[in-house]
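Visitor:
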Amino acid sequence: MSSLSSWEKIKASQQRLLKKCLSIPANTPPPQFLPLREITLPSRPFVNQRAIAFSCDGELAIVADDSVYVLVPELPDFLTRRKEREQKALAIAQGRGVPDDDDASSSEGEGEDKGFQSWRINARAQYSEESKHMAVSYPPLDPLINKELFEHFGLPYAPARGTFTKSFAEKSDGSSGEDDEDDDEDMDDDDDDDDDDDDDGDDILGGNGFGLSNGRFRTDRPFGAGYGPITGTGSTMNHVVSVAWSPSGLGVNRRPILAVLTSAGVVGMYGDGPGLESSGTRPNEYMLPRRTLSSWMVLWGVGERLMVPGQQSEISENIQGIAWAKLIAPGQALLATINDVREVAIVSVQSLTVGVGGPTDHFVWVVREVARFKAEGPHPKGDMWDPGWAPTGTSFGLNWSPWVEEEGCWTCLLSVIDRNHVGFRRISIKTPWPKGEDPDIEVGLSDSGGQCLNLSTDAFVEFEDAIWRNGNAMKCRGLIATPFHLKEFEVQISPKVNYEVDPHEPKDCGTLYSDDAVDVPSDNPITDLVIHPPNMADPPPSPLYTFIRMSATSTDNDWYGTNVPVPEDSPHPVPQWVQHIRQKLQVSIPAHMYLKLGYGGGADDDGSGLSENDDDAPDDDDAIDPNLMDDDDDDDDDSGAESATAAVTTTTDVPQGHEIHPHRFRLYGLALAPGGSITAVLASHHSTHLPERGGWHTVKSTITFGHLPRRRRLGPHPPSSSSPSSLTTEARLLHHLYAAGPPVPSITHHLPPPPDLVTLAARFDALFAPAAERGGARSACEGEAHHTFGTCATSGLALQAPGTTRSCGACGRKAMGLGVLAEKVKGVGGLVGGREDGVCVACGGKFLG
1 MSSLSSWEKI KASQQRLLKK CLSIPANTPP PQFLPLREIT LPSRPFVNQR AIAFSCDGEL
61 AIVADDSVYV LVPELPDFLT RRKEREQKAL AIAQGRGVPD DDDASSSEGE GEDKGFQSWR
121 INARAQYSEE SKHMAVSYPP LDPLINKELF EHFGLPYAPA RGTFTKSFAE KSDGSSGEDD
181 EDDDEDMDDD DDDDDDDDDD GDDILGGNGF GLSNGRFRTD RPFGAGYGPI TGTGSTMNHV
241 VSVAWSPSGL GVNRRPILAV LTSAGVVGMY GDGPGLESSG TRPNEYMLPR RTLSSWMVLW
301 GVGERLMVPG QQSEISENIQ GIAWAKLIAP GQALLATIND VREVAIVSVQ SLTVGVGGPT
361 DHFVWVVREV ARFKAEGPHP KGDMWDPGWA PTGTSFGLNW SPWVEEEGCW TCLLSVIDRN
421 HVGFRRISIK TPWPKGEDPD IEVGLSDSGG QCLNLSTDAF VEFEDAIWRN GNAMKCRGLI
481 ATPFHLKEFE VQISPKVNYE VDPHEPKDCG TLYSDDAVDV PSDNPITDLV IHPPNMADPP
541 PSPLYTFIRM SATSTDNDWY GTNVPVPEDS PHPVPQWVQH IRQKLQVSIP AHMYLKLGYG
601 GGADDDGSGL SENDDDAPDD DDAIDPNLMD DDDDDDDDSG AESATAAVTT TTDVPQGHEI
661 HPHRFRLYGL ALAPGGSITA VLASHHSTHL PERGGWHTVK STITFGHLPR RRRLGPHPPS
721 SSSPSSLTTE ARLLHHLYAA GPPVPSITHH LPPPPDLVTL AARFDALFAP AAERGGARSA
781 CEGEAHHTFG TCATSGLALQ APGTTRSCGA CGRKAMGLGV LAEKVKGVGG LVGGREDGVC
841 VACGGKFLG
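At the far end of the sequence shown sits residue 849, using UniProt numbering, and the numbering has no gaps.
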């Protein structure tokens, strides 16, 4: 009777919810932004850590097994809403009343009810609508994608077809490669008959737009990279190892590009292709057009057979770690790579728009290796047959500190992890760094600091994004994950210090084993760590961090840790994703019920223990333990019923009072959004007692978010190192929507554009003073019809020709391309050509296409 009463209560609650949904009034305003809800992905990464990353604009990159997911945020249309409010206020002031909301047309259809539209928007979640799933591991990247990098410098493209085959033959069996060279000539003749353009390298993209090999480069035979016994002979499974977003301003439309490192030792750069449209449809009238990733392609690559100009190593190089330097200038960046022989290479990366406004307008990548050094610590490599030997390799050993601006140069530190040692190499760039030219870079001959400590596999370093002054000394802080323990460090960037350490054995410095007397023993490694932006007005005594460990179970209390103080007015003492996982872990049920109802279905388990997508999930009438079922498929219905009865009888042998926790989680990565108030964790759900069932189609992972409560008042905001000037417009908008960030000028409220964006618009003001040609939000002609037009956000000119404008992805304003503006202001030297095609002059946001 009690169960029937509970069912009636649930049914009545569902009916009330349905009635509430159907009775939404038509004039109910839709929410201004989409909520951050859990997202399920139909894959799971092979790597166990650092598998998720935020870009400077709020995009998410998630590592899968042999692919990468990229999720883009969807921003609200504040400008349209503000115009509607202004029109209503003006109508009321003029006594014309308020226009009927039902008369306004909807982007989804004129006959659609706004109440339904509002409910549909509220049911959606951020990051759930538009995504890109890229297979990045196979087929291998075609070496011709780097040909344009050499053409920019006027250099011959050395990695020819026969070179790779010969290089492979020499490395694998020590032969001269003459026979292979003859084979290549035969293959060349065949290719010339099939495709005359092959020698010219016109088919750089391999016919699929992603720069993939199409069989013309002997991909039928194995090829390797580096000096490893396996990777030097043939490629590995080629799963994704790590992803890293570049700083802002490097790619097309000043958007970041994504570096993807695979286990084959190659780094592919992915981003928007030049001249391709990246804007999609408008989901509704209160949201900006979605930014699609259909224009994404392979831009260039590093490692394996992919050479770059100035490379100081063999063609075949196995890359084992990557790291982008912090922001230097728009269109300029430094990339650090490390190979399997502990050589660190510094690669200069620049993007140029050549011939702005002319017929030769095109986007150019300028990539060159500018420095290389050997990264070896004081401890010898060791022999695997030694009693004290332990593996210490890591793919996350590189990281850059913040830049320090000194007289005539910028200086930072690059951390490099070796066997039981973390070294900090000082790197300086002389200023200014002219666009299109190689940087004048100076790399220290030895480390400027270091620390010996016990390091296991997959150790990593994370810097605090702040510079602290102690007298004349400029220092930075950070944390080292060993990865079983956290070690804090502080190192001086400027002025230069002398750090010398003689070669010695790990047992001499006491780092051969972990000191359990100091470190709390743990067999659950730290998989990811983020350091929150500090309050520069009230510096904390140590970096504020949040970390996660690999496994989260009901018996582990240390899978999550933080030292961030909780605000007194915060409704959430812990992030929402921590609360979500803890609630799942605390669920306990009787053991006999767990076996009977089939709890713990693995990745498809929805919390009730049964999977909606699992074809093998038992029905309510015969829910039994699948491991106790008879495997004989030829049994008839009667024998099956007897087997089911026997299985249920067997489960009664379990003590009735014994309870178990059916859920556990594997945590793969933790990411911190720009601004420091939004976190995202990547995890997978598993059973604690039953093995996972199903194949690849049942493998899933989830992204769960956490954020601070939104500040609705325009009061003061706590200062941090992530000042508004250091964040992009898109990042500041997300920081405002989902965290404690301040409103964004020119988007959420009226405010003049930033001073650095006024110059170009002011020049147009001097040229086109007549009000008939230029106006505010709208322009009108002088004729009797008084036709109205939209205005260009850059110049203020009327938008009269279709197909010549681009939309800002942050504020939604339209602007003419610089090529169109150059035609309109012909003869005015330096007005447009002196400024590269950059960001929206109204808000500083990035264009969609």
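Glycine included, C-beta positions come from ideal geometry on N, C-alpha and C.
Whole angstroms are fine: how far does the CA of Glu692 sit from the CA of Lys442?
Guide: As a first step, residue 442 is located in the sequence shown; it is residue number 442 there, counting from the start. As a first step, residue 692 is located in the sequence shown; it is residue number 692 there, counting from the start. A small fix is needed here, since residue 442 is Glu in this sequence, not Lys. Approximately 53 Å, taken between the alpha carbons.
Visitor: Taking the alpha-carbon positions, what's the Val344 to Val587 distance?
Guide: Taking the first residue of the sequence shown as 1, we reach residue 344 at position 344. Taking the first residue of the sequence shown as 1, we reach residue 587 at position 587. Between Val344 and Val587, the C-alpha separation is close to 48 Å.
Visitor: Which one of Arg372, Ala390, Ala371 and Phe373 has the shortest CA to CA distance from Pro380?
Guide: One-based indexing of the sequence shown puts residue 380 at position 380. Among Arg372, Ala390, Ala371 and Phe373, the Cα nearest to that of Pro380 is on Ala390.
Visitor: Ser575: buried (16+ other C-beta within 10 angstroms of its C-beta) or exposed?
Guide: Numbered from 1 along the sequence shown, position 575 holds the residue referred to as residue 575. Before going on, a small fix: residue 575 reads as Pro here, not Ser. Buried, because 16 or more other Cβ atoms sit within 10 Å of the Cβ of Pro575.
Visitor: In the structure shown, what three-state DSSP assignment does Glu74 receive?
Guide: Within the sequence shown, residue 74 is the residue found at index 74, counting from 1. Coil at Glu74, not helix or strand.
Visitor: Is the region 517–524 close to the region 423–434, with three or more CB pairs under 8 Å?
Guide: Verdict: no, contact absent.
Visitor: Which residue comes first and which comes last in the beta strand (DSSP E) that contains Gln492?
Guide: Reading the sequence shown from its first residue, position 492 is the one you call residue 492. From DSSP, the beta strand (DSSP E) with Gln492 extends over Leu486 to Ser494.
Visitor: Work out the CA separation of His592 and His658 for me, nearest whole Å.
Guide: Along the sequence shown, one-based indexing puts residue 658 at 658. Along the sequence shown, one-based indexing puts residue 592 at 592. Spanning the two alpha carbons is a distance of roughly 8 Å.
Visitor: For the candidate residues Leu34, Phe33 and Glu38, whose alpha-carbon lies nearest to that of Ala683?
Guide: Residue numbering aside, residue 683 sits at position 683 when the sequence shown is read from its first letter. When only C-alpha atoms are compared, the closest one is Glu38.
Visitor: Is DSSP giving Ile467 helix, strand or coil here?
Guide: As a first step, residue 467 is located in the sequence shown; it is residue number 467 there, counting from the start. If DSSP states are grouped into helix, strand and coil, Ile467 belongs with coil.
Visitor: Sorted by chain position, which residues of the same chain lie with C-beta nearer than 8 Å to Val349's C-beta, five sequence neighbours on each side aside?
Guide: As a first step, residue 349 is located in the sequence shown; it is residue number 349 there, counting from the start. So the list reads Ser246, Leu250, Gln332, Ala333, Leu334, Leu335, Trp365, Val366 and Val367, once near-sequence residues are dropped.
Visitor: Find the nearest neighbour of Tyr69 within the set Asp508, Ala51, Leu733 and Gly377, judged by alpha-carbon distance.
Guide: Here residue 69 refers to the residue found at position 69 of the sequence shown. For Tyr69, the nearest C-alpha among the options comes from Ala51.
Visitor: Between the C-alpha atoms of Asn238 and Asp538, what's the straight-line distance to the nearest angstrom?
Guide: Sequence index remark: in the sequence shown, residue 238 carries index 238 (1-based). Sequence index remark: in the sequence shown, residue 538 carries index 538 (1-based). When rounded, the distance between both Cα atoms is 46 Å.
Visitor: Within a Cβ cutoff of 7 Å, which residues of the same chain sit near His580, ignoring the five residues on either side of it in sequence?
Guide: Numbered from 1 along the sequence shown, position 580 holds the residue referred to as residue 580. Result list for His580: Thr704, in chain order.
Visitor: Going by beta carbon distance, what residues of the same chain come within less than 6 Å of Thr805, once the five residues before and after it are set aside?
Guide: Translated into positions along the sequence shown, residue 805 becomes position 805. Closer than 6 Å at Cβ, skipping near neighbours: Leu799, Lys814 and Met816.
Visitor: Any idea what DSSP makes of Pro143, helix, strand or coil?
Guide: Position 143 of the sequence shown, counting from 1, holds the residue named residue 143. Helix.
Visitor: Which residues mark the beginning and the end of the beta strand (DSSP E) in which Ile39 is found?
Guide: Counting from 1 along the sequence shown, the entry for residue 39 is found at position 39. Start and end: Ile39 to Leu41.
Visitor: Name the one or two DSSP bridge partners that Tyr738 has.
Guide: Against the sequence shown, residue 738 aligns to sequence position 738. Tyr738 pairs with nothing; no bridge assigned.
Visitor: Let me check one thing: in DSSP terms, what residues is His686 bridge-paired to?
Guide: Residue mapping note: residue 686 aligns to position 686 of the sequence shown, counting from 1. DSSP output for His686 lists Arg664 as bridge partner(s).
Visitor: For Asp447, which residues of its own chain have a beta-carbon under 7 Å away from its beta-carbon, when the five flanking residues on both sides are left out?
Guide: Numbered from its first residue, the sequence shown carries residue 447 at position 447. For Asp447, where only same-chain residues beyond five positions count, the Cβ hits under 7 Å are Gly423, Phe424, Arg425 and Tyr499.
Visitor: Using 10 angstroms around the beta-carbon of Asp846, count the other beta-carbons present and answer buried if the total reaches 16, otherwise exposed.
Guide: On the sequence shown, position 846 is the one that residue 846 refers to. Note on residue identity: the sequence assigns Lys, not Asp, to residue 846. The residue is buried, with at least 16 neighbouring Cβ atoms inside 10 Å.
Visitor: Return the Cβ separation of Leu690 and Thr679 in integer angstroms, given the expectation that the two are a contact with Cβ distance under 8 Å.
Guide: Taking the first residue of the sequence shown as 1, we reach residue 690 at position 690. Taking the first residue of the sequence shown as 1, we reach residue 679 at position 679. Going by Cβ atoms, the distance from Leu690 to Thr679 rounds to 31 Å, so no, they are not a contact pair.
Visitor: Can the beta-carbon of Ile417 be found closer than 8 Å to that of Leu455?
Guide: Taking the sequence shown and counting its residues from 1, the one referred to as residue 417 is at position 417. Taking the sequence shown and counting its residues from 1, the one referred to as residue 455 is at position 455. Yes, these two residues count as a Cβ contact at 8 Å.
Visitor: Would you tell me roughly how many angstroms separate the C-alpha atoms of Tyr545 and His663, rounded to the nearest one?
Guide: What you label residue 545 is simply residue 545 of the sequence shown in a count that begins at 1. What you label residue 663 is simply residue 663 of the sequence shown in a count that begins at 1. Cα-Cα distance, rounded: 27 Å.
Visitor: Taking the alpha-carbon positions, what's the Gly226 to Leu512 distance?
Guide: Taking the first residue of the sequence shown as 1, we reach residue 226 at position 226. Taking the first residue of the sequence shown as 1, we reach residue 512 at position 512. When rounded, the distance between both Cα atoms is 28 Å.
Visitor: Give me the Cα-Cα distance between Gly268 and Gly849, rounded to the nearest whole angstrom.
Guide: Locating residue 268 in the sequence shown gives position 268, where the first residue counts as 1. Locating residue 849 in the sequence shown gives position 849, where the first residue counts as 1. Approximately 23 Å, taken between the alpha carbons.
Visitor: Using the beta-carbon count (16 or more within 10 Å), is Pro309 buried or exposed?
Guide: Here residue 309 corresponds to residue number 309 of the sequence shown, with the count starting at 1. Burial call: buried.
Visitor: Quick one: is Asn472 buried, meaning 16 or more other Cβ sit within 10 Å of its Cβ, or exposed?
Guide: In the sequence shown, counting from the first residue as 1, residue 472 sits at position 472. When all chains shown are included, Asn472 counts as exposed.
Visitor: With a threshold of 16 other CB atoms inside 10 Å of the CB of Ile145, please say whether the residue is buried or exposed.
Guide: As a working mapping, residue 145 is identified with position 145 in the sequence shown. So Ile145 counts as buried.
Visitor: What separation, rounded to the nearest whole angstrom, lies between the Cα atoms of Asp438 and Val266?
Guide: To locate residue 438, count along the sequence shown from 1; it is residue 438. To locate residue 266, count along the sequence shown from 1; it is residue 266. Taking the straight line from one Cα to the other gives about 24 Å.
Visitor: Since Ala325 and Trp400 should fall inside the 8 Å C-beta cutoff, what is the C-beta to C-beta distance between them, to a whole number of angstroms?
Guide: Your numbering for residue 325 matches position 325 in the sequence shown. Your numbering for residue 400 matches position 400 in the sequence shown. The Cβ separation is near 4 Å, so the contact holds.
Visitor: Taking 7 Å as the limit between beta carbons, can you name the residues of its chain near Trp300, skipping five residues before and five after?
Guide: Here residue 300 is taken as the residue at index 300 of the sequence shown, counted from 1. The answer, listed in chain order, is Ile145, Asn146, Leu149, Met269, Trp365 and Val367.
Visitor: Taking 8 Å as the cut-off, decide whether the C-beta atoms of Ile660 and Thr698 are in contact.
Guide: If you number the sequence shown from 1, residue 660 lands on position 660. If you number the sequence shown from 1, residue 698 lands on position 698. Cβ atoms of Ile660 and Thr698: not closer than 8 Å.
Visitor: Please classify Glu407 as buried or exposed, where buried requires at least 16 neighbouring CB atoms within 10 angstroms.
Guide: One-based indexing of the sequence shown puts residue 407 at position 407. Its Cβ having fewer than 16 others within 10 Å, Glu407 is exposed.
Visitor: Note down the Cα distance separating Val347 from Ile257, rounded to an integer number of angstroms.
Guide: For the purposes of this step, residue 347 is identified with residue 347 of the sequence shown, where counting begins at 1. For the purposes of this step, residue 257 is identified with residue 257 of the sequence shown, where counting begins at 1. Taking the straight line joining both Cα atoms gives about 15 Å.
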